[in-house]
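According to the working numbering, the stretch in the sequence shown is residues 1 to 167, in order. Built from N, CA and C at the ideal position, the CB exists for glycine as well. Notes follow the structure.
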Amino acid sequence: ANGTGVIVGVLDTGVDPGAAGLQVTPDGKKKIIDIVDCTGSGDVSTTTKTAHTTGEDGIREITALSGRVLRLNGAWDNPSGEWRLGLKRAYEFYPKPLVTRVKNERKKAWLSKQHTAELQSSEEVQTNAAATDGAVPTSSDIAAEMTARLEWLQECGKGWDDPGPLL
């Protein structure tokens, strides 16, 4: 009736483990068994600083670490004019089973497009070779380009790597 022997789990993004009411139980035992920081504080390094520029339309802009141009809300007051930037790969936030599933789905989609591109390039090389059989050959530069493109596509198909989305 008074909670003796009951263990309660609390998931809170701002709990203060040092608060007086969280120290000991009425019989003097420690209240907090374990604490896990779920706030995400410190997950993204924001040590890179930048200043904004003003676009042609008068809107303030900064270039993110990913290279994207971010347009800033005009209502945001930033007296220092200093903006902190951070970058994190989404896979670093995902649980491992999710990373595996997302990578598999993305690889399947990529391989499908890769295979289509290889087939198309191979057909172009074969069509070009057949068209020049005994006739005036297609420019050697064009033939070399077609062959190089096919070889490049085949090489890219071997080196699949998915670093994941950037946040």
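For Ser-80, count neighbouring Cβ atoms within 10 angstroms of its own Cβ and tell me buried if that reaches 16, exposed if not. exposed
Let me confirm a value: Ser-121 is counted as buried when at least 16 other C-beta atoms fall within 10 Å, else exposed. Which label applies? buried
Just how far apart, CA to CA, sit Leu-167 and Ile-33? 34 Å
Measuring alpha carbon to alpha carbon, tell me which of Ala-51, Arg-89, Leu-87 and Lys-88 ends up nearest Arg-71. Ala-51
Lys-29 and Gln-23 closer than 8 Å at C-beta: no
Extent of the continuous alpha helix (DSSP H) to which Ile-62 belongs: Element bounds for Ile-62: not the alpha helix (DSSP H) but the beta strand (DSSP E), 60–63.
Excluding the five sequence neighbours on either side, which residues of its own chain have a C-beta within less than 6 Å of the C-beta of Gln-114, listed in chain order? Gly-157
Rounded to whole angstroms, what is the Cα-Cα separation between Val-10 and Val-36? 10 Å
By how many angstroms is the C-alpha of Glu-124 removed from the C-alpha of Ala-130? 10 Å
In the DSSP assignment, what residue or residues form a beta bridge with Glu-92? Answer is none; Glu-92 lacks a bridge partner.
I'd like to know whether the C-beta atoms of Thr-48 and Glu-61 end up nearer to each other than 8 Å. no
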